[in-house]
Amino acid sequence: MDTTADKTIALSTTGLLVAALAVLALVVAYLLGGSGGTPTAQAVTPTPTAEGTDAGPRTLTMSGAGEATAVPDQVTFDLSVRMKRPELDEALDAASRTMTRVLAALEAEGVERKDVQTTGLEMYPVYDYPRYSPPVLTGYRVTQRAAVLVRKLRSAGGAVSAAIDAGGNAARVGDIALKIGDPEAALGKARRLAVEEATLKAQEYAEATGQELGAVMTLREVEATSLSAIDERQLAYDTAAVFGSSADSAPLPVSAGRADLGVTVQVVWELAA
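Residue numbers are given in my numbering: position 138 of the sequence shown equals residue 203, and the series is strictly consecutive.
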């Protein structure tokens, strides 16, 4: 066989093989590009986002306090009637009749029945304890208790005195206290002042930092209190000692005094863009 011819055939075969490989490479590259494959060397650039997109809105929180003065216009007191009798039913009957007279006297002074609330009824035996003998039952004591509200301050002294006149030595009055009939009116003024103070401070801080207040996001009442003990003095009286005999008792003088009510609020504003 001719050696030159063999070499020519080998070269031709090699050329065809190289050409075929080149074509195959082009086909593979085309297929990869058409199927959306991403070349390894391609850089992936993250999409830029606006600063603070994931955070909540910028806010400013401020507290404010407001105070308002109110004058107590009502009086409350505790009333009790105590009776001792040899028999329990006699003591119950005597206490009930006495309390009925007291309630009628209060009603005559302008105290409505709905403003008298029964708060207790006590019944217990009473014993005498001789020195060298067993206890001896001497009777039964019954105590009826009620809470009284006098809605007009000027009627309070007369109401207390009338209760004692009607009940005599069996009646007791205690825990006399002054009360504000409508505290919400004074608290409403204190709330407005508290919000005004919080708003003024928030505006000052916003302007100092080149910001502008937006809408109110939240408003919360932190505390509402009585800043002074309004003459809400709890005065306990032994009525027999104070008034003497019921026939000579005079109306109890009652002074209104004043009450300072306070409110604290917390307000959150959104800072405008």
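No residue lacks a Cβ here, since even glycine has one placed at the ideal position from N, Cα and C.
* With distances taken between CB atoms, is the gap from residue 149 to residue 201 smaller than 9 Å? -> Reading the sequence shown from its first residue, position 84 is the one you call residue 149. Reading the sequence shown from its first residue, position 136 is the one you call residue 201. No, the Cβ-Cβ distance between residue 149 and residue 201 is not below 9 Å.
* **The beta strand (DSSP E) enclosing residue 145, as first and last residue numbers** => If you number the sequence shown from 1, residue 145 lands on position 80. 139 to 150 is the extent of the beta strand (DSSP E) around residue 145.
* Within 10 angstroms of the Cβ of residue 188, are there 16 or more other Cβ atoms? Answer buried if so, exposed if not. => If you number the sequence shown from 1, residue 188 lands on position 123. With fewer than 16 Cβ atoms within 10 Å of its Cβ, residue 188 is classed as exposed.
* Exposure of residue 163, with buried meaning 16 or more beta-carbon neighbours within 10 Å -> Residue mapping note: residue 163 aligns to position 98 of the sequence shown, counting from 1. It counts as buried.
* Quick one, which of 233, 193, 240 has its alpha-carbon nearest residue 213's? -> On the sequence shown, position 148 is the one that residue 213 refers to. Of the candidates 233, 193, 240, the one whose C-alpha sits nearest the C-alpha of residue 213 is 240.
* **Beta-bridge partners of residue 204, as assigned by DSSP** => Along the sequence shown, read from residue 1 onward, the residue named residue 204 stands at position 139. Its beta-bridge partners are 191.
* **Closest Cα partner of residue 335 within the set 268, 184, 132** => For this step, residue 335 is matched to residue 270 along the sequence shown. Ranking the options by Cα distance to residue 335, first place goes to 268.
* Simplified DSSP state of residue 247, which is helix, strand or coil -> In the sequence shown, the residue the question calls residue 247 occupies position 182. Coil.
* What is the DSSP secondary structure of residue 227, reduced to helix, strand or coil? -> To locate residue 227, count along the sequence shown from 1; it is residue 162. Residue 227: helix per DSSP, three-state reduction.
* Asked: Does DSSP classify residue 163 as helix, strand or coil?
  -> Along the sequence shown, one-based indexing puts residue 163 at 98. Helix at residue 163.
* Asked: Looking only at its own chain, which residues have a Cβ that is under 6 Å from the Cβ of residue 130, when we skip the five neighbours before and after it?
  -> The residue labelled residue 130 in the question sits at position 65 within the sequence shown. Excluding positions up to five away in sequence, the list reads 259, 329.
* To do: Going by DSSP, name the residue or residues bridged to residue 215.
  => By one-based count along the sequence shown, residue 215 stands at place 150. The partner list for residue 215 (beta bridge, DSSP) reads 140.
* Is DSSP giving residue 268 helix, strand or coil here? -> Position 203 of the sequence shown holds residue 268. Looking at residue 268 - three-state DSSP - the assignment turns out to be helix.
* Say whether the region 141 to 159 touches the region 269 to 286, bearing in mind that this needs 3 or more beta-carbon pairs closer than 8 Å, one atom from each stretch. => no
* Unbroken beta strand (DSSP E) run spanning residue 335, endpoints -> If you number the sequence shown from 1, residue 335 lands on position 270. That run of the beta strand (DSSP E) goes 324 to 336.
* If I'm right that residue 257 touches residue 134 with Cβ under 8 Å, what's the distance once you round it to whole angstroms? => Reading the sequence shown from its first residue, position 192 is the one you call residue 257. Reading the sequence shown from its first residue, position 69 is the one you call residue 134. Incorrect: roughly 14 Å between the Cβ atoms, too far for contact.
* To do: Name the residue from 236, 237, 217, 271 whose alpha carbon lies nearest to the alpha carbon of residue 136.
  => Counting from 1 along the sequence shown, the entry for residue 136 is found at position 71. Measuring from the Cα of residue 136, the nearest candidate turns out to be 217.
* Asked: Hey, how far is the Cα of residue 279 from the Cα of residue 244?
  -> Here residue 279 refers to the residue found at position 214 when the sequence shown is read from its first residue. Here residue 244 refers to the residue found at position 179 when the sequence shown is read from its first residue. C-alpha separation (whole angstroms): 41 Å.
* **Whether residue 332 touches residue 273 by CB criterion (9 Å)** => As a working note, residue 332 is residue 267 in the sequence shown. As a working note, residue 273 is residue 208 in the sequence shown. Going by C-beta atoms, residue 332 is not nearer than 9 Å to residue 273.
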